[in-house]
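Residue numbers (full-length UniProt numbering): 1 to 221.
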């Protein structure tokens, strides 16, 4: 196995592990019985991003992209179902889900029915995928205001932030090797966002001034 194949395999496994970081978060939601201090945006951005990349993989006929992102899409839907079940403000969650649908379906319909040639469809969807990936990698930053205000990273998930950094770095290197800008740009930005997120744990230890009973010992977004 050459280096490119090995890197692709490791990045694929690492991406699926990144998707699985939502499991302990959902476990904490279940244990505490609510979604207090846990934003829906990371789960939502993961699901939307994976959906776009899955369609991109189908257009490119790339089985690796299809496998990774079908996994991410299914897990994202499961996480959202758990979040919806335990949330106290379902009207807000339903509104956020509606916004996501209003973003996803017009893009997919446009690519399917209005773009005449495959190359244009791939380029257009590639741009959308890039934006979605950046949002997914940056989603833990939603909690940064709480981190700075309380001088504690208890509101961030260290495994998720570290995984964001490592996975985006690997896909950036892979994108450089295959000369694919659609992979390079969002993953370079993602790796930079990962550096910011991980550095917060050095600046603000998790044993900060204000704590919430999260019903478990896992990390919380």
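By construction, the Cβ of each residue, glycine as well, lies at the ideal position given by its N, Cα and C atoms.
For residue 37, the three-state secondary structure derived from DSSP is coil. Remark: C-beta atoms of residue 72 and residue 100 do not approach each other more closely than 8 Å. Setting aside the 5 residues that flank it on each side, residue 96 is surrounded in the same chain by 40, 44, each with a C-beta closer than 7 Å to its C-beta; the list follows chain order.
No residue range can be given for residue 87, since it is assigned to no alpha helix (DSSP H) and is classified by DSSP as neither H nor E.
Residue 174 places its beta carbon 8 Å or farther from that of residue 14.
If the five residues before and after residue 48 are omitted, its C-beta is found closer than 7 Å to the C-beta atoms of 100, 103, 104, 132, all from its own chain and listed in chain order.
Only residues of its own chain outside the window of five on either side were considered, and among them 14, 15, 18 have a CB closer than 6 Å to the CB of residue 167, listed in chain order.
In the three-state reduction of the DSSP assignment, residue 71 falls in the helix class, which pools H, G and I. Counting along the chain, residue 27 sits inside the alpha helix (DSSP H) bounded by residues 22 to 32.
Assigned with DSSP and collapsed to three states, residue 115 falls in coil, not helix or strand.
The three-state secondary structure of residue 51, taken from DSSP, is helix. Relative to residue 33, the option among 61, 88, 74 whose CA is nearest is 88.
Membership of residue 181 in the alpha helix (DSSP H) is indicated by the continuous run 181 to 203. Taking a 10 Å sphere around the C-beta of residue 106, we find fewer than 16 other C-beta atoms and assign the residue as exposed. When the Cα atoms are used, residue 162 and residue 152 turn out to be separated by approximately 17 Å.
Contact check for residue 12 and residue 64: beta-carbon distance about 6 Å, within the 8 Å limit, so the pair qualifies.
DSSP, reduced to helix, strand and coil, places residue 152 outside both helices and strands of the structure shown, so it counts as coil. In its chain, beyond the 5 residues on either side, 56, 182 have a beta carbon closer than 7 Å to the beta carbon of residue 126.
C-alpha of residue 37 to C-alpha of residue 172: approximately 32 Å in a straight line. In the three-state scheme derived from DSSP, where H, G and I count as helix and E and B as strand, residue 157 is classed as coil.
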